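Chains as they are written, first to last, in this note's numbering: chain A, 1 to 262; chain B, 263 to 743.
Heads up, the beta-carbon is just placed ideally off N, CA and C, and yes, glycines get one too.
As the structure is a prediction and not an experimental result, all values here were calculated from the model.
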């Protein structure tokens, strides 16, 4: 089953790039404690500023991009990175959907300006936080806040084997069923975004007796209207529904358009 | 093709590097402005200007884009800061969750008791191990062994790096078992936890933690053989303080200048300032300094004397492992005290290069403390106390791996957040780091440019700055585009 890279002339080069983010998704790579050293044998880590002072010039065979675009400089930089990358994979909710910082996209700008500050002129930022795919072509998007370690290894392995990653775009519900977790919404009346949320976390929250809060963003074809009807039955207010959809993947279209008044 | 070059920070003034064809520059004018820092969390760079053998400017420029957490928390429910503020930092999400919960629970008028409180200390021990091991092995150790990364280190010392990764994994495993996952754990809630772990799940962690304690001790012995450049931080130390207990998830706030206050007086003694070269606010200890809230300081010449020197008493202070160790060393676990004794580490330790030793000692302590908590754990009947919204203001302070992390929230009677303030350790340390940088340059002016540049980078890396944490606290200025 495993593909051998022994005949390849050189190890593929890997680069890791950071935009507006918490560092957690690139940290996921360093959290592959059991696999990190074998990974470093399989790929040439050419640019990964958080982990290494050595920076090798591009082009890069695979670029992993963490974070969202929220400054004019970053909107420029992502084009340079795309041009230097054979394959570009975005990792995490910031890079695929703008992240929690995309809540600014929906704020009344005047509210922000009215807030207390000393010298706003020192700071430069765009009015929006946008996913990488709003700026350049993306070869694959890996979801999650944060991404799942196993899925990251699958994406890198698939790249090394020159195949598409096997990543389910079904809902968290399928993972609950596989895990054998009793449905928290049906059995306990706990509101849960599992029916509309992209799989990948392994259905963690329900396993901890908590409703899913959607940190992997929308699944492929989510029926948010139907779910919202059920969330109201479970006594969530309009504001509650707005907030639960508008958090870590607020700018993902299916969650952006869902809300208590929709 | 050239690798993409990160942009200069917004508003960064053009570098004053004389063109080659211009008349000869003053003989001793130098600018040290290396590319952005590597092996730190987040995006920043150093700019140092030297004229006539005097350091005119020593700046840590933070250009990581701000994410405005304090603004976006307004209007959210009192149940949400633990999940939302975790996203400030993937390396220390537990610290954000615990400071947020402490603040919110004080508004609700509840105090989490054991075993739920013990679980919070336990999961925090996991985060200290994970974060310290990341810094010690992957970020800091390469400096002492003359390599660019731990991956390169692994070629010369494979066993050392493998054991370091095993130590890091032991910390992550505690976070995974209690929190569901190690990055942005999902189990912490106002009042306690969504689900308490089974006793068997925790005891299964014992072998890895016993090994972690041993690896941390061995690493301390190994690190003690490193060549430590001379250095000395003069700034006061600030850490939580709880006589009898090495502080992690609670305590009063103490300083080496004699201050000892509850966390809700944080704002009376510590002031934040905006400086033009950083997207992170600076903090100063205002106790007795007569400084005012909200002052914007325009350059490093903050004493106004016009001579480019830092003010005599700048209000800088340092939090983090050196500060915790200085203020609390007697309350380390016996195993950690033995490690410190074995490597000749005594409190206070004021050489930041030797902070790697303190991190090793704190990892011994964390593993030992985790084992103690696991052995005493009984499963609670209910994982959480009921928590009702209340109007009020609450303060929370805990010891993130990098130092003191303060949160303050104000809520209305429905539990909606009206105001939020978050002061992370790297923000607080910025001024002390810059002063440390200035002194390091002053003392080593005769080094070659590459050697002095490397020394400057090491001087910053010693403090384990987390720039992702530090940056997200400024109000939005909109550039349309």
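As assigned by DSSP and simplified to three states, the class of residue i
{"i": "residue 44 of chain A", "result": "strand"}
{"i": "residue 443 of chain B", "result": "coil"}
{"i": "residue 194 of chain A", "result": "helix"}
{"i": "residue 563 of chain B", "result": "With a pLDDT of 37 at residue 563 of chain B, under the threshold of 50, the modelled position of this residue cannot be trusted; read the value that follows with caution. Reduced to three states, the DSSP call for residue 563 of chain B is coil."}
{"i": "residue 551 of chain B", "result": "With a pLDDT of 43 at residue 551 of chain B, under the threshold of 50, the modelled position of that residue is not reliable, and no figure is offered here."}
{"i": "residue 503 of chain B", "result": "strand"}
{"i": "residue 141 of chain A", "result": "strand"}
{"i": "residue 568 of chain B", "result": "For residue 568 of chain B, the predicted structure reports a pLDDT of 35, less than 50, and the residue's modelled location is therefore unreliable. The matter cannot be settled from this model."}
{"i": "residue 637 of chain B", "result": "helix"}
{"i": "residue 594 of chain B", "result": "coil"}
{"i": "residue 60 of chain A", "result": "strand"}
{"i": "residue 215 of chain A", "result": "coil"}
{"i": "residue 285 of chain B", "result": "Residue placement at residue 285 of chain B cannot be trusted, given a pLDDT of 45 that sits under 50; what the coordinates show is reported in the next sentence. Reduced to three states, the DSSP call for residue 285 of chain B is coil."}
{"i": "residue 22 of chain A", "result": "coil"}
{"i": "residue 39 of chain A", "result": "helix"}
{"i": "residue 451 of chain B", "result": "strand"}
{"i": "residue 260 of chain A", "result": "coil"}
{"i": "residue 293 of chain B", "result": "strand"}
{"i": "residue 91 of chain A", "result": "strand"}
{"i": "residue 620 of chain B", "result": "helix"}
{"i": "residue 589 of chain B", "result": "helix"}
{"i": "residue 324 of chain B", "result": "strand"}
Alpha-carbon spacing of residue i relative to residue j, whole angstroms
{"i": "residue 202 of chain A", "j": "residue 184 of chain A", "result": "15 Å"}
{"i": "residue 394 of chain B", "j": "residue 581 of chain B", "result": "15 Å"}
{"i": "residue 727 of chain B", "j": "residue 443 of chain B", "result": "24 Å"}
{"i": "residue 240 of chain A", "j": "residue 312 of chain B", "result": "56 Å"}
{"i": "residue 264 of chain A", "j": "residue 72 of chain A", "result": "Since the first and last residues shown for chain A are 1 and 262, residue 264 of chain A lies out of range."}
{"i": "residue 651 of chain B", "j": "residue 373 of chain B", "result": "14 Å"}
{"i": "residue 288 of chain B", "j": "residue 315 of chain B", "result": "Low per-residue confidence applies at residue 288 of chain B: pLDDT is 49, beneath 50, and the placement is therefore not dependable, though the value from the model is reported in the following sentence. Cα to Cα, the separation comes out at about 11 Å."}
{"i": "residue 402 of chain B", "j": "residue 724 of chain B", "result": "7 Å"}
{"i": "residue 264 of chain B", "j": "residue 60 of chain A", "result": "Only weak support is given to the placement of residue 264 of chain B: the predicted model assigns it a pLDDT of 41, under 50, and the value that follows is read from those uncertain coordinates. Their Cα atoms are separated by approximately 11 Å."}
{"i": "residue 550 of chain B", "j": "residue 576 of chain B", "result": "Annotation note: pLDDT 47 at residue 550 of chain B (below 50); position unreliable, no value reported."}
{"i": "residue 208 of chain A", "j": "residue 172 of chain A", "result": "14 Å"}
{"i": "residue 340 of chain B", "j": "residue 327 of chain B", "result": "26 Å"}
{"i": "residue 682 of chain B", "j": "residue 169 of chain A", "result": "36 Å"}
{"i": "residue 182 of chain A", "j": "residue 211 of chain A", "result": "12 Å"}
{"i": "residue 364 of chain B", "j": "residue 671 of chain B", "result": "10 Å"}
{"i": "residue 387 of chain B", "j": "residue 225 of chain A", "result": "43 Å"}
{"i": "residue 194 of chain A", "j": "residue 65 of chain A", "result": "26 Å"}
{"i": "residue 235 of chain A", "j": "residue 331 of chain B", "result": "28 Å"}
{"i": "residue 99 of chain A", "j": "residue 74 of chain A", "result": "15 Å"}
{"i": "residue 645 of chain B", "j": "residue 418 of chain B", "result": "47 Å"}
{"i": "residue 34 of chain A", "j": "residue 680 of chain B", "result": "44 Å"}
{"i": "residue 667 of chain B", "j": "residue 77 of chain A", "result": "32 Å"}
{"i": "residue 329 of chain B", "j": "residue 606 of chain B", "result": "43 Å"}
{"i": "residue 729 of chain B", "j": "residue 322 of chain B", "result": "10 Å"}
{"i": "residue 333 of chain B", "j": "residue 12 of chain A", "result": "42 Å"}
{"i": "residue 271 of chain A", "j": "residue 88 of chain A", "result": "The structure shown does not extend to residue 271 of chain A, since chain A is modelled only from 1 to 262, so the question has no answer here."}
Beta-ladder partner(s) of residue i, from DSSP
{"i": "residue 319 of chain B", "result": "B:311"}
{"i": "residue 682 of chain B", "result": "B:671"}
{"i": "residue 744 of chain B", "result": "Residue 744 of chain B is absent from the structure shown; chain B starts at 263 and stops at 743."}
{"i": "residue 251 of chain A", "result": "Note: residue 251 of chain A sits in no beta bridge, so no partner."}
{"i": "residue 352 of chain B", "result": "Answer is none; residue 352 of chain B lacks a bridge partner."}
Reference residue i; option with closest CA among the options
{"i": "residue 375 of chain B", "options": "B:627, B:512, B:329 and B:577", "result": "B:512"}
{"i": "residue 439 of chain B", "options": "B:368, B:640 and B:457", "result": "B:457"}
{"i": "residue 390 of chain B", "options": "B:424, B:409, B:436 and B:417", "result": "B:436"}
{"i": "residue 604 of chain B", "options": "B:717, B:480, B:537 and B:689", "result": "B:480"}
{"i": "residue 53 of chain A", "options": "B:414, B:470, B:433 and B:525", "result": "B:414"}
{"i": "residue 629 of chain B", "options": "B:347, B:350, B:384 and B:293", "result": "B:384"}
{"i": "residue 451 of chain B", "options": "B:493, B:346, B:470 and B:432", "result": "B:346"}
{"i": "residue 674 of chain B", "options": "B:526, B:656, B:685 and B:665", "result": "B:656"}
{"i": "residue 378 of chain B", "options": "B:455, B:716 and B:449", "result": "B:455"}
{"i": "residue 20 of chain A", "options": "A:164, A:102, A:193 and A:231", "result": "A:102"}
{"i": "residue 154 of chain A", "options": "A:137, A:29 and A:227", "result": "A:29"}
{"i": "residue 162 of chain A", "options": "A:177, A:57, A:62 and A:75", "result": "A:62"}
{"i": "residue 476 of chain B", "options": "B:659, B:669 and B:622", "result": "B:622"}
{"i": "residue 96 of chain A", "options": "A:242, A:237, A:159 and A:215", "result": "A:215"}
{"i": "residue 79 of chain A", "options": "A:178, A:11 and A:138", "result": "A:138"}
{"i": "residue 129 of chain A", "options": "A:255, A:254, A:249 and A:260", "result": "A:249"}
Entirely enclosed alpha helix (DSSP H) segments - the stretch 157-213 of chain A, minimum 4 residues: 172-179, 184-188 and 204-207
Sequence ranges, alpha helix (DSSP H) only - wholly within the stretch 373-430 of chain B, length at least 4: Taking only runs of at least 4 residues, the alpha helix (DSSP H) segments lying wholly in the stretch 373-430 of chain B are 378-395, 403-407 and 412-418.
3 or more residues per run - each beta strand (DSSP E) lying fully within the stretch 468-544 of chain B: 500-503, 514-517 and 532-535
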